[in-house]
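Undergrad: Sequential numbering of the sequence shown, starting at 79, is according to the working numbering.
From the three backbone atoms N, C-alpha and C, an ideal C-beta is built for every residue, glycine too.
Below you'll find the structure I mean.
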Amino acid sequence: MADQFDAVVIGGGPGGYNAAIRLGQLGLKAACIDRRGAFGGTCLNIGCIPSKALLHTSHLFEEASKDFAKLGIKAEVSLDLPAMMGHKDKVVGELTKGVEFLLRKNKAEAVVGDARIVSPGKVEVKAKDGNVRTLETKNIIVATGSDVSPLPGVSIDEQQIVSSTGALALKSVPKRMLVVGGGYIGLELGSVWRRLGSEVTVVEFLDRITPGLDGEIAKQFQRILTRQGMKFQLSTKVVGVEKKKGALLVTVEPAAGGEKQTLETDIMLVSIGRRPFVDQLGLDKVGVALDARGRVTTDAHFATNTAGIWAIGDCREGPMLAHKAEDEAVACAERIAGKAGHVNYDAIPAVVYTAPEVASVGKTEEELKAAAVAYKIGKFPFTANARAKTIAATEGFVKIIADAKSDRVLGVHIMGAEAGNMIAEAALAIEFGASSEDIGRTSHAHPTLSEAVRQAAMGVEGWTMQM
Ligand SMILES: Cc1cc2nc3c(=O)[nH]c(=O)nc-3n(C[C@H](O)[C@H](O)[C@H](O)COP(=O)(O)OP(=O)(O)OC[C@H]3O[C@@H](n4cnc5c(N)ncnc54)[C@H](O)[C@@H]3O)c2cc1C
């Protein structure tokens, strides 16, 4: 007799585990399957969490080495990389265990093994020991996430030519690191190793870094990263790599074609993006449609074209972000339970956890121009913010874009210390349809960095007071 469930979730990442938790809260019997053994998916095991642990510790290392003396703190600083990695691994271990606890608490069964859809309503799970278990269900949620996009002609060995996964676990600090791709993952991990002593060069195909971020922010962001010691080669593509005497000879050429150049490095990080992962899942057998980029096609409420099969997270369209997967998980579980779950894609923030951090939510100026929307802008620099001065973190600024007629906030872009925490206020403002005046007239504690958000909001109507 097969096991019976109301819903079976394939994938135990932020999409999958949050779906199973919400289903459990709504009184539905759910199973959450992951082949990895440790729940939490890419995010907890090889993504958000280990990268943020290393970003924090490497930032402290750099501050202690370079900046403490300016603040009157004298310290002899040296690196213990195994201990730094140990902190990261400890955090990952604790959080993945925490997910298993949350699944148990919400009466969702955690199942470890390779899942395959054999027919609508039937999922087979093969455990490591070869045992096969069949789960029967009314609803299957595909939450199988994403994988590293390969670079044509380059094979990743996770030793010298690494993906983000290998870059999170290097055994020593490379003298030189070449980062292919100037998106947030490459810049975050490039920052980690630069802070620890590597000479980091970023090669980017486009003529700018962080595509998708507001152009003005991206330009200043690149300037700051350059000042920190990161080198950039924009409008350039990698066309080949050769291993020679322990080093890598990387051939690059202009993106538009032209003369080739060889760059020598010790480690090459391939971070050109991620692709949806639905390999060997059996979607073809049950007729689930994929789009041209291999993503599972769904309607606005996460239903695929096959009744009873849903998809959420990185394996479907939209930004590949953990909280987007989580939002979709909640909405999809609620839909399955007969409720009206919904995701507002205009209010999903994105953060780059470098120093300074870069955070944004809503529309960029470029998007509004392309859509011919009339807008107004308010800006405020952290050099004029009292708290930023006290913590010696005055780089960056806040930029608020509001509709020219209604004053409704359309986009908020922050570069500065703690931008990732401050963007929550902006996401809430957009979710509630707030105007810039609403933010400008809301009391913000003094002295805080978030006062810069208020001052920028005042600036939309031209009444910034502290500059
Ligand atoms: C280095 C790095 C840093 C990142 N930092 C951030 C960040 O700071 N903030 C942020 O929001 N996002 C970040 N992300 C992105 C984030 O990790 C993803 O958006 C998020 O994990 C997507 O969640 P998901 O549930 O859709 O998929 P995943 O987390 O990828 O989970 C899918 C799971 O499904 C399992 N699986 C797949 N197929 C099967 C199968 N057939 N049977 C059983 N199990 C299967 C996989 O093993 C995996 O564990 C980062 C990613 C990387 C790589």
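Is any heavy atom of ligand 1 found at a distance shorter than 8 Å from the C-beta of T557?
TA: Summary: the structure shown does not reach residue 557, with the chain confined to residues 79 through 545, and so no result is reported for it.
Undergrad: Relative to the alpha-carbon of E140, which residue among P128, L157, A186, S129 has its alpha-carbon at the smallest distance?
TA: On the sequence shown, position 62 is the one that residue 140 refers to. Of the candidates P128, L157, A186, S129, the one whose C-alpha sits nearest the C-alpha of E140 is L157.
Undergrad: How would you call Q339, buried or exposed, if buried means at least 16 neighbouring beta carbons within 10 angstroms?
TA: Position 261 of the sequence shown, counted from the first residue, corresponds to residue 339. With fewer than 16 other Cβ atoms within 10 Å, it is exposed.
Undergrad: Please list, in chain order, all residues of the same chain as H420 whose beta carbon is under 6 Å from its beta carbon, the five residues on each side excluded.
TA: Numbered from 1 along the sequence shown, position 342 holds the residue referred to as residue 420. Result list for H420: A409, in chain order.
Undergrad: For F355, is the beta carbon positioned less than 8 Å from some heavy atom of ligand 1?
TA: Within the sequence shown, residue 355 is the residue found at index 277, counting from 1. Answer for F355: yes, Cβ within range of ligand 1.
Undergrad: Using a threshold of 8 Å, is the CB atom of I263 nearer than that to any non-hydrogen atom of ligand 1?
TA: Position 185 of the sequence shown, counting from 1, holds the residue named residue 263. Result yes, Cβ under 8 Å from ligand 1.
Undergrad: Using the three-state DSSP reduction, which class does F179 fall into: helix, strand or coil?
TA: In the sequence shown, counting from the first residue as 1, residue 179 sits at position 101. DSSP places F179 in helix when its eight states are reduced to three.
Undergrad: Might you give, ordered along the chain, the residues of its own chain that have their beta carbon closer than 6 Å to the beta carbon of P397, omitting 5 neighbours on each side?
TA: Taking the sequence shown and counting its residues from 1, the one referred to as residue 397 is at position 319. Cβ neighbours of P397 beyond the five flanking positions: none.
Undergrad: Buried or exposed: which applies to M493, given that a residue is buried once 16 or more other Cβ atoms fall within 10 Å of its Cβ?
TA: In the sequence shown, the residue the question calls residue 493 occupies position 415. Looking at its Cβ environment, which holds 16 or more other Cβ atoms inside 10 Å, M493 is buried.
Undergrad: Check whether the Cβ atoms of E214 and K253 lie closer than 9 Å to each other.
TA: Working through the sequence shown from its first residue, we reach residue 214 at position 136. Working through the sequence shown from its first residue, we reach residue 253 at position 175. Their beta carbons are not under 9 Å apart, which means E214 does not touch K253 by this criterion.
Undergrad: Look up S197 in the DSSP assignment and say whether it is helix, strand or coil.
TA: Position 119 of the sequence shown, counted from the start, is the residue given in the question as residue 197. Of the three classes helix, strand and coil, the one that applies to S197 here is strand, per DSSP.
Undergrad: Measuring CB to CB, does E415 end up less than 9 Å from L104?
TA: The residue given as residue 415 occupies position 337 in the sequence shown. The residue given as residue 104 occupies position 26 in the sequence shown. Correcting the residue type first, residue 415 is Ala in the shown sequence and not Glu. Going by C-beta atoms, A415 is nearer than 9 Å to L104.
Undergrad: Quick check: G115 and G223, are their CB atoms within less than 9 Å of each other?
TA: Your numbering for residue 115 matches position 37 in the sequence shown. Your numbering for residue 223 matches position 145 in the sequence shown. Cβ distance not < 9 Å, so G115 and G223 don't count as in contact.
Undergrad: Compute the Euclidean distance between the alpha carbons of D207 and P128, then round it to the nearest angstrom.
TA: As a first step, residue 207 must be located in the sequence shown, where it is residue number 129. As a first step, residue 128 must be located in the sequence shown, where it is residue number 50. Near 29 Å, if we compare the C-alpha coordinates of P128 and D207.
Undergrad: When DSSP builds the beta bridges, which residues end up paired with S438?
TA: Against the sequence shown, residue 438 aligns to sequence position 360. DSSP, once it has assigned bridges, lists A428, H491 as partnering S438.
Undergrad: Can you give me the Cβ contacts of K152 inside the same chain, cut-off strictly under 8 Å, excluding the 5 residues immediately before and after it?
TA: Within the sequence shown, numbered from 1, the residue matching residue 152 stands at position 74. The residues are F146.
Undergrad: Excluding the 5 residues flanking T135 on each side, which residues of the same chain have their C-beta closer than 8 Å to its C-beta?
TA: Along the sequence shown, read from residue 1 onward, the residue named residue 135 stands at position 57. Once the five neighbours on either side are set aside, the close Cβ partners of T135 are M162, H165, K166.
Undergrad: Going by DSSP in three states, R486 sits in which element: helix, strand or coil?
TA: Locating residue 486 in the sequence shown gives position 408, counting from the first residue. It is a strand residue.
Undergrad: With DSSP collapsed to three states, give me the class of E187.
TA: Here residue 187 corresponds to residue number 109 of the sequence shown, with the count starting at 1. Three-state result, E187: strand.
Undergrad: L326 and I234: beta carbons closer than 9 Å?
TA: As a first step, residue 326 must be located in the sequence shown, where it is residue number 248. As a first step, residue 234 must be located in the sequence shown, where it is residue number 156. No, these two residues do not count as a Cβ contact at 9 Å.
Undergrad: What does DSSP give as the partner residue(s) for C121 in the beta ladder?
TA: Start at 1 with the first residue of the sequence shown, and residue 121 comes out as number 43. DSSP, once it has assigned bridges, lists no residue as partnering C121.
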